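Asks: Going by the working numbering, the sequence shown opens with residue 582, and the numbers climb by one from there.
Below is a structure I'd like to ask you about.
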Amino acid sequence: MATDEEIIKGLRQELCVPDFWIEKEWQQWSVQNFDYEATRQNPGITRSVAHNDLSKDLNTLIKALNKSGRKTQRLKQMKLSLKTAHANSVNSHFWRVRAVKSAKLSDARFIARISRAVAEVLILFQTENLATATLTKIAKDVEPQDFNKRKHEEMTDNEECDQEENEEADGYDEENDNNGDYVTKKKHEKEDDKKEEFIDSIQKNIVISNNDARHELFKWAFKLQHKNEEYTPSNDAIDEILLKRDSNLDYLNHLSISILQNWVDNDEVLSHILRISLSGIIDLAHSWTAQYCKNVFPDARWSEFEELKYPLYNLTEESSDIYNNVMKILKNEDAQLGLERQPEHEALVYLSEKRHEYSVSMNNIYYLNGNESELECMEDCYSILKIAFRGSKYKFKLGEQACIESKTVREENEKAYANNENFDSAQNIMGRRIDLLLSSYETNVSSCEWKAENVSPSVARSQESKNLRVNASILEALLRLPHENNDSNRNSFVLMYSDWIGRDGCINTIVKEGNVFIVKKLGDVFIPKSVHEIDEEFKLTIKLLYTWKKNMDALVGLVLQGINKKRRDLKKAKMSVVNNNNEEPRFIFFTPKNNRTRPSELRERNPSED
């Protein structure tokens, strides 16, 4: 009777990846190891094809091997793991890393291909230049009847000059071998310099504009994410993007191309990373994006991003003393109950204490049950934010407000990248809905989002991705205000915003440097659920909130200048007969939402946010 090993070897022709099953010990059989072996044998394989091959191999082996054997049980476990989750969501991290790292591999392959192409062009370039120069020299001021004579004379003169130069060179080489080597080396260096200059000229004189190339990427992403359709982009546009490696946006473009070329449905992480990279955002604030994006950038450049910091606001000595005294009173509350208390009516004291006890008990109940709603979490956080941002300068817009800045960007995307296709723009009238918008002088300056405590990780990631791009849209709108040309403050715009899950949140900073947005975490914040959490850790939360406030004070001052100048410019524009509006498109990715129609229908629908 044949052994399991002999049976597997006999199935070599029927198995898709036979070497894995034959060479690997059965204890090492797993989806992860199979994926690794499949990609090693076939570098261009996709996840869906690899897992389809795995399913075929599993069925073939399970039928052939002993039903009660340990190898068969192992195979059934692997088959069950493919059935339990969608085949395209198994071993996701491996395939995400592979998709992202393929950006560098694509660069290497493209460099090799473009080098060969440049070498061929250089040969043609030199040949055509020589021919053109000769013909130009021959034809210039030459009468038809003198053409042959002049050609002969010129060729004779050239031959004599060449002969004299060769004789001089020969004599020089015989007496000065070392100097001759030096001259030859310098000659080759000049040729190399000319080649490099020519390659640079190719990069600088690309026919397709950067906007046209970005147009292809956005349209490609629209087709996949909005209509779930395959799309074949322009090779010229993709080659143009791959040829550029100067700016941070170029690296993000390479990442976008890599994800699009290795597109897999049902991978929401890569989907959000694609939206973020298309938007020109380098996200260091969220580990679930940073761990993949950093693979695209050179290590030195990523280290520069990580070194960017924003100083924290320190509480004044008086404020710090007040906070420390509060902590002392809370810690010694039982020992000093009733002591040093200002005289109050007993009824007010009783009601105040009962209200406090009820609030604490309800917080504990919600905390234990985990059923505190998104609105209830936001209300408590909002009460704290309202204290930090008190005054008439700031206003809060609560309750799923539409963000006009994201709407403007989305409309521009549809007009610029939809290629005149119908994305139902007429019905798509609302911007992205935001839980809380912080505004000043009727201008949005920050967006904040909340999710309930028991939210799923995928929904939380979706919120972070959306809020990140919404705040990038807000910052872009603020930067486009007509600031004074000599205003150096324009480059110091730093916008801060927050994301919350329950009563725990984080404050992030976003700044635009060059043509990309860089996002970093300022720090984690939380709202206490009981008086026992009013400690040194919560003191850091207060520092972070007031750092946010100080940042907004400085930002709003710059924004107010731009708002007033825009108002003056609009007055002048009314008298002009020429439209000078030549703004560059906003490269922030939002997909259209066909189900955003009328406000009356919003209560009946629950559209997913991107």
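Note that CB positions come from ideal geometry on N, CA and C, so glycine has one too.
For clarity, every value in this text was computed on a predicted model and none was experimentally measured.
Sorted by chain position, which residues of the same chain lie with C-beta nearer than 6 Å to lysine 652's C-beta, five sequence neighbours on each side aside?
Replies: Excluding residues within five positions, the ones whose Cβ falls inside 6 Å are Asp585, Trp607 and Leu646.
Asks: For asparagine 1132, is the classification buried or exposed, using 16 other Cβ atoms within 10 angstroms of its Cβ as the cut-off for buried?
Replies: With 16 or more Cβ atoms within 10 Å of its Cβ, asparagine 1132 is classed as buried.
Asks: Applying the 10 Å Cβ sphere with the 16-neighbour rule, what's the burial state of valine 990?
Replies: By the neighbour-count rule (16 or more Cβ atoms within 10 Å), valine 990 is buried.
Asks: Please name the residue in Leu1126, Cys1029, Lys637 and Tyr1127 whose C-alpha comes closest to that of glycine 980.
Replies: Of the candidates Leu1126, Cys1029, Lys637 and Tyr1127, the one whose C-alpha sits nearest the C-alpha of glycine 980 is Cys1029.
Asks: Can you give me the C-alpha to C-alpha distance between glutamate 849 and asparagine 816, rounded to a whole angstrom?
Replies: Rounded to whole angstroms, glutamate 849 to asparagine 816 spans 27 Å at the Cα level.
Asks: Tell me whether alanine 583 sits in a helix, a strand or coil according to DSSP, three-state version.
Replies: Three-state DSSP puts alanine 583 in coil, outside helix and strand.
Asks: Kindly indicate which residue of Pro1109, Val1097 and Ser1046 has the alpha-carbon position closest to the one of tyrosine 1078.
Replies: Nearest option by C-alpha distance: Ser1046.
Asks: If you draw a straight line from the alpha carbon of alanine 818 to that of arginine 795, how long is it in whole angstroms?
Replies: Distance between the alpha carbons of alanine 818 and arginine 795 is about 8 Å.
Asks: What residue from Pro1038, Arg1042 and Thr641 has the CA that sits closest to arginine 856's CA?
Replies: Of Pro1038, Arg1042 and Thr641, the residue nearest in Cα terms is Arg1042.
Asks: Bridge partners of leucine 1018, per DSSP?
Replies: Paired residue(s): Lys978 and Ser1028.
Asks: Among Ile1123, Val1092 and Phe886, whose alpha-carbon lies nearest the alpha-carbon of aspartate 1107?
Replies: Checking the displayed sequence, the identity of residue 1107 turns out to be phenylalanine instead of aspartate. Comparing Cα-Cα distances from phenylalanine 1107 to each of Ile1123, Val1092 and Phe886, the minimum goes to Ile1123.
Asks: Helix, strand or coil: which one does DSSP assign to leucine 566?
Replies: Given that the chain is displayed from residue 582 to residue 1191, the structure contains no residue 566 and the question cannot be resolved.
Asks: With burial defined as no fewer than 16 other Cβ atoms inside 10 Å of the residue's Cβ, what is the status of serine 897: buried or exposed?
Replies: Note on residue identity: the sequence assigns threonine, not serine, to residue 897. Exposed: under 16 other Cβ atoms inside 10 Å.
Asks: Over what stretch of residues does the alpha helix (DSSP H) that includes threonine 870 continue unbroken?
Replies: 868-874 is the span of the alpha helix (DSSP H), which, as asked, contains threonine 870.
Asks: Could you pull out every residue in the same chain whose Cβ sits closer than 7 Å to the Cβ of isoleucine 1088, ignoring the five residues on either side in sequence?
Replies: Closer than 7 Å at Cβ, skipping near neighbours: Met1077, Ser1079, Leu1103, Gly1104, Val1106, Leu1125 and Trp1129.
Asks: Whose C-beta lies closer than 6 Å to the C-beta of alanine 1058 among residues of the same chain, with five residues either side of it excluded?
Replies: Contacts found: Glu986.
Asks: Secondary structure at lysine 1155, three-state DSSP: helix, strand or coil?
Replies: Correct three-state label for lysine 1155: helix.
Asks: Opposite lysine 1101 in the DSSP bridges: which residues?
Replies: According to DSSP, lysine 1101 bridges with Thr1090.
Asks: Starting from serine 1079, trace the beta strand (DSSP E) in both directions and tell me its first and last residue.
Replies: Here the beta strand (DSSP E) through serine 1079 covers 1075-1082.
Asks: Is it buried or exposed, valine 681, if we count other Cβ atoms within 10 angstroms and call 16 or more buried?
Replies: Buried.
Asks: With 16 other CB atoms within 10 Å as the buried threshold, where does isoleucine 854 fall?
Replies: By the 10 Å Cβ count, isoleucine 854 comes out buried.
Asks: Let's test the definition: count the other Cβ atoms within 10 Å of the Cβ of aspartate 638 and tell me whether it reaches 16, buried, or not, exposed.
Replies: The residue in question, aspartate 638, is buried, as its Cβ has 16 or more Cβ neighbours within 10 Å.
Asks: Taking only the alpha-carbon atoms, compute the straight-line gap between histidine 867 and serine 860 and give it to the nearest angstrom.
Replies: So the alpha carbons of these two residues sit roughly 16 Å apart.
Asks: Under a Cβ-count criterion, where at least 16 other Cβ atoms within 10 Å of its own Cβ denotes burial, should tyrosine 1202 be classed as buried or exposed?
Replies: Since the first residue shown for the chain is 582 and the last is 1191, residue 1202 is missing from the structure and cannot be characterised.
Asks: Which class does phenylalanine 1171 belong to by DSSP, given the choice of helix, strand or coil?
Replies: In the structure shown, phenylalanine 1171 sits in coil (DSSP, three-state: anything other than H, G, I, E or B).
Asks: What are the boundary residues of the alpha helix (DSSP H) that includes isoleucine 643?
Replies: Looking at the DSSP string, the run of the alpha helix (DSSP H) that includes isoleucine 643 is 628-645.
Asks: Can you tell which of Arg593, Ile626, Glu1117 and Ala631 has its C-alpha closest to the C-alpha of serine 611?
Replies: The candidate whose alpha carbon is nearest that of serine 611 is Ala631.
Asks: Give me the Cβ distance between leucine 865 and phenylalanine 878, rounded to the nearest whole Å; I'm assuming they're in contact under 8 Å.
Replies: At roughly 11 Å, the Cβ-Cβ gap does not stay under 8 Å, so leucine 865 and phenylalanine 878 are not in contact.
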